[in-house]
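J.: One structure follows; several queries about it will come next.
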Amino acid sequence: MTTWSLDEWEGKANVDECLVTYQLHITLQQAQRICVGRLAEFLFPVGNYLYTGSARRNLSARVHRHLSRQKKQRWHIDYLLMAPKTQVTAIGLFSETECYCNQQVNGEILLAGFGAGDCRSQCGSHLKYLGNK
Ligand SMILES: [Zn+2]
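Numbered by our numbering, the letters in the sequence shown go through residues 68 to 200 in order.
Here's what the structure looks like:
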């Protein structure tokens with residue numbers, strides 16, 4: 068596993084091919100009511116979140132896309148990341164599967180189904196709330 072701060076990540080174009088899963092460390096400095104596509108409108112509390120996703124190819128391109136504020140909203144996470152008070156603070160990359168990594172996170176599920184549209188491991192959500200500290 069490797070974790071980069073946002074500064075270290077900037078400009079990184081390639082990562083090791085064995086890395087297929089990413090985790091975004093996300094901070095909300097203010098509670099925000101966000102309409103997450105067709106999933107739900109939800110009031111996300113202040114605090115820290117961890118989102119786990121994967122890309123079989125071009126993992127770094129996927130992460131760069133997540134960090135970009137100019138894009139068409141496609142995934143649940145896009146709605147959260149494009150909200151004004153949302154910040155990505157660090158990025159972790161893993162060779163293990165998305166669901167395995169997600170299940171290692173000791174956090175709370177606030178919004179069931181978030182990012183878990185194609186999850187077959189009963190994760191419940193691929194976004195976990197870590198609390199506010
Ligand atoms: Zn899963």
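Ideal Cβ placement from N, Cα and C applies to all residues, glycine included.
What three-state label does DSSP hand His133 in the structure shown?
T.: Helix at His133.
J.: I need the straight-line Cα distance from Arg136 to Leu147, nearest angstrom please.
T.: Their backbone Cα atoms lie some 11 angstroms apart in a straight line.
J.: Are the region 159 to 173 and the region 79 to 95 in contact at 8 angstroms, needing three or more beta carbon pairs?
T.: Because the criterion of three Cβ pairs below 8 angstroms is met, the region 159 to 173 and the region 79 to 95 touch.
J.: Start and end of the beta strand (DSSP E) containing Leu148?
T.: Here Leu148 belongs to no beta strand (DSSP E); instead the alpha helix (DSSP H) covers His143 to Leu148.
J.: For Leu117, report the span of its beta strand (DSSP E) as first-last.
T.: Note, Leu117: beta strand (DSSP E), Gly114 to Ser121.
J.: Where do the ends of the beta strand (DSSP E) carrying Glu108 lie?
T.: Where Glu108 is concerned, the enclosing beta strand (DSSP E) stretches over Ala107 to Phe111.
J.: Taking 7 angstroms as the cut-off, does the CB of Ala183 come closer than this to any heavy atom belonging to ligand 1?
T.: Yes.
J.: Using a Cβ-Cβ cut-off of 8 angstroms, state whether Gly184 counts as contacting chain C.
T.: The structure shown contains no chain C; it holds only a single protein chain.
J.: Within the continuous beta strand (DSSP E) that includes Gln140, where are the two ends?
T.: Looking at the DSSP string, Gln140 is not in any beta strand (DSSP E), and its letter there is neither H nor E.
J.: For Cys102, which residues from the same chain have a beta carbon less than 6 angstroms from its beta carbon, with the 5 sequence-adjacent residues on both sides left out?
T.: The answer, listed in chain order, is Glu108.
J.: Let me make sure I understand the geometry here. Which of His143, Gln171, Phe161 and Thr156 has the alpha-carbon closest to that of Gly180?
T.: When only C-alpha atoms are compared, the closest one is His143.
J.: Can you tell me whether DSSP reads Cys102 as helix, strand or coil?
T.: Reduced to three states, the DSSP call for Cys102 is strand.
J.: Which residue wins for smallest C-alpha separation from Tyr114, given the options Gln99, Leu106 and Trp76?
T.: Note that residue 114 corresponds to Gly in the displayed sequence, not to Tyr. Considering only alpha carbons, the answer is Gln99.
J.: Could you check if Leu73 is buried or exposed, using at least 16 other CB atoms within 10 Å of its CB as the buried criterion?
T.: Exposed, because fewer than 16 other Cβ atoms sit within 10 Å of the Cβ of Leu73.
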